[in-house]
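Each residue of the sequence shown is one higher than the one before, counting from 7 in this note's numbering.
Heads up, the beta-carbon is just placed ideally off N, CA and C, and yes, glycines get one too.
Computed from a prediction, not measured in an experiment: that's the story for all the values here.
Note sheet for the following structure.
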Amino acid sequence: MNRALRLNIVSGALGMFWLCAPLGAPLPLLMQAVNASSTQLGILSAAWQIAMLAQIPAAFIAESMKRRKPFWAIVTTLHRILWASPALLPWLFPDNRELWPVFLIAALGLSNLLANSGTASWLSWMADLVPPESAGRFWALRQLVLSLSMIVCTALYGWLLDHYAATDSPFLGFQWVFALCSLLGIADIAVHCFVHEPEHRRTQERKTCRERFASPFRNRGFTVLTAAMAGWVGAQSALGYTMGVPGFFSMVHLREAFGASYSQASMVFIAACVGAALFTPWLGSWMDRAGSQNVLTRLVFLGPISMAAWWIAKPGTWNLVGFALPAATTWMVFAALFQGAIYTGTLLCQLRLSQIYTPKEGRTLAMALHWSISGVGGALGAMGAGFLKDALPTGPLSWLPGQWHAFDLLVLLHALVAWVLVLPLMRILQNEPAPEPAEQSPATAM
Numbered sequence: 007m008n009r010a011l012r013l014n015i016v017s018g019a020l021g022m023f024w025l026c027a028p029l030g031a032p033l034p035l036l037m038q039a040v041n042a043s044s045t046q047l048g049i050l051s052a053a054w055q056i057a058m059l060a061q062i063p064a065a066f067i068a069e070s071m072k073r074r075k076p077f078w079a080i081v082t083t084l085h086r087i088l089w090a091s092p093a094l095l096p097w098l099f100p101d102n103r104e105l106w107p108v109f110l111i112a113a114l115g116l117s118n119l120l121a122n123s124g125t126a127s128w129l130s131w132m133a134d135l136v137p138p139e140s141a142g143r144f145w146a147l148r149q150l151v152l153s154l155s156m157i158v159c160t161a162l163y164g165w166l167l168d169h170y171a172a173t174d175s176p177f178l179g180f181q182w183v184f185a186l187c188s189l190l191g192i193a194d195i196a197v198h199c200f201v202h203e204p205e206h207r208r209t210q211e212r213k214t215c216r217e218r219f220a221s222p223f224r225n226r227g228f229t230v231l232t233a234a235m236a237g238w239v240g241a242q243s244a245l246g247y248t249m250g251v252p253g254f255f256s257m258v259h260l261r262e263a264f265g266a267s268y269s270q271a272s273m274v275f276i277a278a279c280v281g282a283a284l285f286t287p288w289l290g291s292w293m294d295r296a297g298s299q300n301v302l303t304r305l306v307f308l309g310p311i312s313m314a315a316w317w318i319a320k321p322g323t324w325n326l327v328g329f330a331l332p333a334a335t336t337w338m339v340f341a342a343l344f345q346g347a348i349y350t351g352t353l354l355c356q357l358r359l360s361q362i363y364t365p366k367e368g369r370t371l372a373m374a375l376h377w378s379i380s381g382v383g384g385a386l387g388a389m390g391a392g393f394l395k396d397a398l399p400t401g402p403l404s405w406l407p408g409q410w411h412a413f414d415l416l417v418l419l420h421a422l423v424a425w426v427l428v429l430p431l432m433r434i435l436q437n438e439p440a441p442e443p444a445e446q447s448p449a450t451a452m
């Protein structure tokens with residue numbers, strides 16, 4: 007058991023070298039480098055979320071199998087291979103740069119479909135593996151290691167992009183980043199194949215598809231949690247935040263409005279990872295002690311307050327102890343420490359609650375339904391934000407006082423969705439009793 011959990015953490019640390027590319031600065035800045043529009047950026051971000059629907063048919067396949075690991079390993083390895091596609095662009099379309107953003111959306115969209123085909127299997131696998139009495143502490147420790155790994159790879163990727171940006175081949179930096187992202191992402195899958203997989207309870211064949219779909223929603227807590235998280239993920243995606251860290255629209259906004267370099271944008275991402283690393287060890291014991299419902303409610307309230315830092319960020323430089331620092335980037339680095347802590351905390355709470363409110367039997371499909379519906383919310387948020395940014399002029403909005411940009415309006419929309427929709431649902435969830443803990447498998451009880 008302990009060896010399996012350690013291998014899980016090691017593979018996750020390697021996986022951060024993949025995850026850092028789509029969630030951090032590299033992917034949105036790549037799309038900017040290939041002259042993608044805001045709508046195309048929104049489509050790519052939405053594709054990440056809408057691909058979660060692939061979890062549902064994949065869950066039917068996985069639940070019919072005796073083991074989940076082989077199916078998961080095949081689809082996720084193919085998914086990671088496709089992340090090398092940005093490195094091949096100059097050779098595939100040397101004279102047709104207008105096709106680059108279209109090809110990226112298609113290739114990475116397919117990759118996301120494959121990734122999500124294995125997600126529900128992995129989530130139910132982990133729910134069966136991790137002992138319930140220490141789950142909060144385990145996920146917090148895992149997140150600490152993953153955040154530290156993400157800091158290392160973000161700094162590396164930022165250095166590579168800035169190093170090659172000053173040469174005659176600026177796109178070579180993106181080629182190196184996405185080649186490493188794909189290679190180390192595959193290494194993550196290879197290591198995780200050695201993690202023990204407990205036997206899972208296969209769904210009874212006498213149940214119809216309709217009964218299997220309806221089963222999780224008979225639990226009111228599952229229904230409320232899923233609706234709340236669809237709204238919360240959508241609110242985050244409107245700002246380009248995914249899995250607790252800034253990306254997409256927020257990274258592009260730093261470049262467009264404040265002229266941040268690749269390394270400076272990466273510093274904001276790193277600060278969010280540092281905030282998560284500092285907060286999650288304490289978060290785990292808080293979740294186990296106070297309950298994930300209560301913790302999530304408080305974090306959802308605090309999140310939009312931390313995002314108001316974007317309204318205070320201004321162009322120019324600050325002179326601190328004799329050093330000239332870009333004002334907006336420096337300010338957002340400090341703000342990201344809190345944002346990373348809060349938003350990563352909400353992700354861990356969602357992960358834990360999705361385990362609590364899914365039944366032992368049919369868990370893979372229940373996980374798929376929860377995360378797919380959350381993904382649909384995220385896709386709507388990302389697409390809506392992309393259309394809004396394209397509909398509004400680039401730069402400060404003349405019809406609003408001060409130096410407001412389209413992104414600042416998205417921050418306001420984020421707060422409205424969080425406080426008007428998500429918080430009331432979370433208060434309902436606080437009054438919903440958690441289901442009785444499922445009987446542990448022999449592997450879990452070890």
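**Request:** Tell me whether PRO28 sits in a helix, a strand or coil according to DSSP, three-state version.
**Result:** helix
**Message:** For the alpha helix (DSSP H) containing SER140, name the first residue and the last one.
**Reply:** Here SER140 belongs to no alpha helix (DSSP H), and DSSP marks it neither H nor E.
**Item:** Spatial distance of LYS395 from LEU386 (CA atoms)
**Value:** 14 Å
**Message:** My parser needs the beta strand (DSSP E) runs of 3 or more residues fully inside the region 297 to 359; what are they?
**Reply:** 323 to 326, 329 to 332
**Prompt:** Which runs of the alpha helix (DSSP H) fall wholly inside the region 62 to 126 and span at least 4 residues, in chain order?
**Reply:** Correct list: 75 to 88, 91 to 98.
**Message:** Could you check whether the region 226 to 233 touches the region 429 to 437, counting it as contact only if at least three pairs of C-beta atoms, one from each stretch, sit closer than 8 Å?
**Reply:** yes
**Message:** Assuming ARG74 and SER127 are in contact, meaning their beta carbons sit under 8 Å apart, how far apart are those beta carbons, in whole angstroms?
**Reply:** 4 Å
**Which listed residue (ASP414, HIS198, ALA388, GLY390) has its alpha carbon closest to that of THR400** = ASP414
**Message:** So the candidates are TRP54, ARG148, ALA52, PHE77; which of them puts its Cα closest to the Cα of PRO63?
**Reply:** PRO63 has its Cα closest to that of PHE77, out of TRP54, ARG148, ALA52, PHE77.
**Asked** Apart from the five residues just before and just after THR323, which ones in its own chain have a Cβ nearer than 8 Å to its Cβ?
**Response** ALA330, LEU331, PRO332, ALA333
**Item:** Buried or exposed by the 16-neighbour rule on C-beta atoms within 10 Å, applied to THR335
**Value:** buried
**Asked** Which value, in whole angstroms, describes the spacing of the CA atoms of GLN6 and ARG9?
**Response** A question about residue 6 goes unanswered here, because the residues of the chain that appear run from 7 up to 452.
**Message:** Just to confirm before moving on: does the CB-CB distance between GLN61 and VAL382 stay below 9 Å?
**Reply:** For GLN61 and VAL382, no; Cβs fall outside 9 Å.
**Message:** Can you tell me whether LEU289 is buried or exposed? The criterion is at least 16 other CB atoms within 10 Å of its CB, across all chains shown.
**Reply:** buried
**Item:** Close-in-space but distant-in-sequence residues of the same chain around GLY90 (CB under 7 Å, 5 per side omitted)
**Value:** It is worth fixing the name first, because residue 90 is Ala in this sequence and not Gly. The answer, listed in chain order, is PHE184, ALA185, SER188.
**Request:** Compare the beta carbon distance of ALA391 and GLY246 with 9 Å and say whether it is the shorter of the two.
**Result:** Taking 9 Å as the Cβ cut-off, ALA391 and GLY246 qualify as a contacting pair.
**Prompt:** Near TRP24, what residues of its chain come up, given a Cβ to Cβ distance below 8 Å and the 5 sequence neighbours on each side ignored?
**Reply:** ARG86, TRP89, CYS187, SER188, LEU190, GLY191, ASP194
**Prompt:** Ends of the alpha helix (DSSP H) at ASN406?
**Reply:** Correcting the residue identity first, residue 406 is Leu in this sequence and not Asn. Run containing LEU406: none; DSSP gives neither H nor E here.
**Item:** Assigned secondary structure, THR364 (DSSP; H/G/I helix, E/B strand, else coil)
**Value:** coil
**Request:** Please go through the same chain and pick out, in chain order, the residues whose beta-carbon is closer than 7 Å to the beta-carbon of LEU84, but skip the five residues on each side of it.
**Result:** The beta carbon of LEU84 lies closer than 7 Å to those of LEU120 in the same chain, with the five residues before and after it left out.
**Message:** Quick check on the burial criterion: 16 or more other C-beta atoms within 10 angstroms. Buried or exposed for VAL426?
**Reply:** Here VAL426 is exposed. Its C-beta has fewer than 16 other C-beta atoms within 10 Å.
**Reduced DSSP category for VAL426 - H, G, I as helix; E, B as strand; rest coil** = Helix, per DSSP.
**Request:** Can you say whether GLY309 is buried or exposed, counting buried as having 16 or more other CB atoms within 10 angstroms of its CB?
**Result:** buried
**Prompt:** Hey, VAL5 and TRP292 are a contact pair by Cβ (cut 8 Å); roughly how many whole angstroms apart?
**Reply:** Missing from the structure shown is residue 5; the chain here goes from 7 to 452 and no further.
**Item:** ALA463 versus SER298, PRO402, LEU129, GLU104, residue with shortest Cα-Cα distance
**Value:** Residue 463 lies beyond the residue range present for the chain, which begins at 7 and ends at 452; the question has no answer from this structure.
**Message:** Considering only the alpha carbon of each residue, which of SER43, THR286, LEU150, ASN102 lies closest to VAL16?
**Reply:** LEU150
**Request:** Return the bridge partner residues of ALA248 from the DSSP annotation.
**Result:** The residue asked about is misnamed: residue 248 is Thr in this sequence, not Ala. In DSSP, THR248 forms a bridge with VAL251.
**Prompt:** Do you know offhand how far GLY281's Cα is from ALA341's?
**Reply:** The straight-line gap from Cα to Cα measures roughly 9 Å.
**Prompt:** SER378: which of PHE99, ALA146, ALA42, ALA52 sits nearest, CA to CA?
**Reply:** ALA52
**Item:** Top-ranked residue by Cα proximity to ALA263, from GLN409, LEU116, PHE285
**Value:** Of the residues GLN409, LEU116, PHE285, the one whose Cα lies closest to the Cα of ALA263 is GLN409.
**Request:** Flag this pair as yes or no: are the beta carbons of PHE255 and SER44 separated by less than 9 Å?
**Result:** yes
**Prompt:** Mind checking GLY351: buried by the 16 CB within 10 Å criterion, or exposed?
**Reply:** buried
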